[in-house]
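Everything in the sequence shown is counted per the UniProt record's numbering, starting at 1 for the first residue and increasing by one.
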Amino acid sequence: MTIACVPGVAIHGPVSQEHAARVLTPEAQAFVAALQRCFDARRRQLLAARDVRQKALDAGQMPDFLPETRAVRDGVWKAAPPAPGLVDRRVEITGPPVPRKMVINALNSGAAVYMSDFEDSHAPTWVGNLDGQVNMQEAVRGAIAMQDTRTGKFYRLRTDRRPATLMVRPRGWHMHEAHFVVDGSPCSASLFDFGLFFFHNAKASVAAGAGPYFYLPKMESHLEARLWNDVFNMAQDLIGLPRGTIRATMLIETILAAFEMDEIIYELRDHSAGLNCGRWDYIFSFIKRMRNHPQFVLPDRTAVGMTSPFMNAYVQLLIKTCHRRGVHAMGGMAAQIPIKDDAAAHVAAITKV
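The structure is reproduced here in structure tokens:
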């Protein structure tokens, strides 16, 4: 169907009647466009700064702690205490926001937290992103359900216990949403994913006893964290929620961010829900950033575990930093999944977890 767009917005992709009525409403379009207009120039500047930093590394500069932020690292301060639903985070589960059955099963899993992932575990097709936003709306409101057309089995949220606390991971700062164009430029995928979820669900999340909670990926500096904090403040102001309602766990999955953990928590201190170790992306970042330094060539990835000295050092620093600042230190995701039709493979996968 043809969708009416607010001034300055163009949508280049199919939009179903459901998506138009529930996701890409005029009010939601305007909200995302406002974030894009306010913050995209800074986002692009920060992405350009990544390239400048890479050239310095290629020329021989080593990553190090920033002298200009020493006062933050040495200071005595704490971030905000855990928000409702984020006190117990001993077990978290993750998966994409589609298909719907997977979302329901994750919420019913018994895990303390379910991170619905619009990033790495999700193929971000246009329709898939919009379907995922519909699923998030129904999950927040406890109304998500479906019937499997093949088996006839009906899936709904369990009523005998509280579902997992929902967190959402938008795409990283480096990604664009080419189907949603604001003033002639593709929208930041981060702002698109965050903006649609927040606009439609923030108040309902609070009413359900939790809040709008996020995981923030691929961060490379405290200035990128500062940008997220400013986005959060503007978003909360626009819909009339108190600042600090949003909480976010920042993924430390780049070698440069590992040298700015204190600073990243500090920039988001009123919205912080701790840090998370991202093993595989951290290894990738190490390889990418140190590409001109043959002394840092790594062995086969299966030999690079969390007990490798450089990985263990990063994990221990993350734990120390988080505990000093009063926030959760989260272990990275285990990529193994249950294998129903192969008992031996299933045992091997669970053992790796």
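The beta carbon of each residue, even a glycine, is placed where N, CA and C say it ideally should be.
At what residues does the beta strand (DSSP E) containing Q147 begin and finish?
Working through the sequence shown from its first residue, we reach residue 147 at position 147. Here the beta strand (DSSP E) through Q147 covers 145 to 147.
From this set, W173, H222, N135, which residue's C-alpha is nearest M102's C-alpha?
Locating residue 102 in the sequence shown gives position 102, counting from the first residue. Measuring from the Cα of M102, the nearest candidate turns out to be N135.
Should G195 be labelled buried (16 or more other beta-carbon atoms within 10 Å of its own) or exposed?
As a working note, residue 195 is residue 195 in the sequence shown. With 16 or more other Cβ atoms within 10 Å, it is buried.
Can you tell me which residues form a DSSP beta bridge with M330?
Indexing the sequence shown from 1 puts residue 330 at position 330. According to DSSP, which records beta bridges pairwise, M330 is partnered with N276.
Which term fits V181, buried or exposed, when burial requires 16 or more other beta carbons within 10 angstroms of its beta carbon?
Residue numbering aside, residue 181 sits at position 181 when the sequence shown is read from its first letter. Its Cβ being crowded by 16 or more others within 10 Å, V181 is buried.
Given a cut-off of 8 Å on the beta-carbon distance, is the pair P186 and A178 in contact?
Start at 1 with the first residue of the sequence shown, and residue 186 comes out as number 186. Start at 1 with the first residue of the sequence shown, and residue 178 comes out as number 178. Cβ distance < 8 Å, so P186 and A178 count as in contact.
What residue range is occupied by the uninterrupted alpha helix (DSSP H) comprising R324?
By one-based count along the sequence shown, residue 324 stands at place 324. 309 to 325 is the span of the alpha helix (DSSP H), which, as asked, contains R324.
Length of the line joining the Cα atoms of I239 and N233
As a position in the sequence shown, residue 239 is number 239, starting the count at 1. As a position in the sequence shown, residue 233 is number 233, starting the count at 1. When the Cα atoms are used, I239 and N233 turn out to be separated by approximately 10 Å.
By a C-beta neighbour count over all protein chains shown, 10 Å radius and 16 as the cutoff for buried, is D281 buried or exposed?
For the purposes of this step, residue 281 is taken as residue 281 along the sequence shown, with counting starting at 1. Counting Cβ neighbours within 10 Å, D281 comes out buried, since at least 16 surround it.
Secondary structure of M306, DSSP reduced to three states
The residue given as residue 306 occupies position 306 in the sequence shown. M306 carries a coil assignment under DSSP once its states are collapsed to helix, strand and coil.
Per DSSP, which residues does I252 bridge with? Please list them.
Counting from 1 along the sequence shown, the entry for residue 252 is found at position 252. Looking at the DSSP assignment, I252 forms a beta bridge with C277.
Between which two residues does the beta strand (DSSP E) containing K11 stretch?
Taking the first residue of the sequence shown as position 1, residue 11 is located at position 11. The amino acid at residue 11 is misidentified as Lys; the sequence shows Ile. I11 -> beta strand (DSSP E) spans 9 to 11.
When we look at the beta-carbon of D64 and count the other beta-carbons within 10 Å, is it buried (16 or more) or exposed?
For the purposes of this step, residue 64 is taken as the residue at position 64 of the sequence shown. D64 is exposed by the Cβ-count criterion.
What's the C-alpha gap between R100 and F197?
Within the sequence shown, residue 100 is the residue found at index 100, counting from 1. Within the sequence shown, residue 197 is the residue found at index 197, counting from 1. Taking the straight line joining both Cα atoms gives about 16 Å.
Could you tell me if T2 is buried or exposed, where buried requires 16 or more neighbouring beta carbons within 10 angstroms of its beta carbon?
Working through the sequence shown from its first residue, we reach residue 2 at position 2. Exposed, because fewer than 16 other Cβ atoms sit within 10 Å of the Cβ of T2.
If you compare alpha carbons, which of F199, T125, M250 is closest to Y266?
Walking along the sequence shown from the start, residue 266 turns up at place 266. Answer by Cα proximity: M250.
Whole angstroms is fine: what's the gap from G184's alpha carbon to V23's?
Position 184 of the sequence shown, counting from 1, holds the residue named residue 184. Position 23 of the sequence shown, counting from 1, holds the residue named residue 23. Each residue's Cα considered, the two are about 21 Å apart.
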